[in-house]
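S.K.:
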Amino acid sequence: MKNLTEIIREALQLPNAEVKNLGIIGGMTNLNYLVSIDSRNFIVRVPGNGTDALINRFEEMQNLKLGSELGINPELCYFNLETGLKITEKIENATILTPVIAKKEEMMKKVATIFRTLHKSPEKMTNRFKLFELMDIYEQLALQAG
11 MKNLTEIIRE ALQLPNAEVK NLGIIGGMTN LNYLVSIDSR NFIVRVPGNG TDALINRFEE
71 MQNLKLGSEL GINPELCYFN LETGLKITEK IENATILTPV IAKKEEMMKK VATIFRTLHK
131 SPEKMTNRFK LFELMDIYEQ LALQAG
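So the sequence shown is numbered by the numbering used here: it starts at 11 and just counts up by one.
Printed below as a string of structure tokens:
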């Protein structure tokens with residue numbers, strides 16, 4: 011199996027790039043790496059086991075592109091529909107949204123502004139978010155996985 015550096019070079023078509031893995035930066039269902047590629051910082055998302063059952067990768071890719079166009083998502087540099095590998099530019103000085111930070115009024119206002127930008131856009135996401143249907147699907151997947 012290829013290592014992460016080889017996968018990144020191949021994905022970005024940069025066979026001679028200097029790639030430095032700066033470490034894992036978290037993720038609930040995925041592994042997210044901060045990497046430096048020729049001295050520029052990127053986030054590389056390696057999907058966790060079973061996430062392909064949770065996510066329609068085509069819809070995800072289209073929605074990521076829309077978010078980038080609207081300025082509410084980092085620039086999407088690479089996306090693999092089969093594996094779900096995603097490479098985006100790192101947003102410098104970004105704050106990771108934790109439950110504690112999300113509860114702060116200032117952050118709630120920022121999040122509401124982002125949602126407003128998305129919902130007022132003439133462009134529409136490729137899927138519909140149906141919370142209760144998703145909860146049923148996730149529950150069935152969890153039961154199957156034991």
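We put the beta carbon where it would ideally sit given N, CA and C, even for glycine.
Remember, it's a predicted structure, so these values are computed and weren't measured experimentally.
Could you tell me the distance, in whole angstroms, from the CA atom of N13 to the CA atom of E69?
M.R.: 27 Å
S.K.: Measuring straight from C-alpha to C-alpha, what distance separates E162 and L64?
M.R.: The structure shown does not extend to residue 162, since the chain is modelled only from 11 to 156, so the question has no answer here.
S.K.: I need the DSSP call for F142, collapsed to helix, strand or coil.
M.R.: Residue state, collapsed to three classes: helix.
S.K.: Report the three-state DSSP secondary structure of L128 (helix, strand or coil).
M.R.: Secondary structure of L128 (DSSP, three-state): helix.
S.K.: Per DSSP, K55 is paired with what?
M.R.: Residue identity differs from the one stated: residue 55 is Arg in this sequence, not Lys. For R55, which the question treats as bridged, DSSP gives the partners N42 and K96.
S.K.: For the beta strand (DSSP E) containing K30, list its first residue and its last residue.
M.R.: V29 to I34
S.K.: My assumption, with CB atoms under 8 Å, is that A21 sits in contact with I97. Please give the rounded CB distance.
M.R.: 6 Å
S.K.: How would you label F139, buried or exposed, when you count the other beta carbons within 10 angstroms and need 16 or more for buried?
M.R.: exposed
S.K.: Can you tell me whether P132 is buried or exposed? The criterion is at least 16 other CB atoms within 10 Å of its CB, across all chains shown.
M.R.: Around the C-beta of P132, fewer than 16 other C-beta atoms lie within 10 Å, and the residue is accordingly described as exposed.
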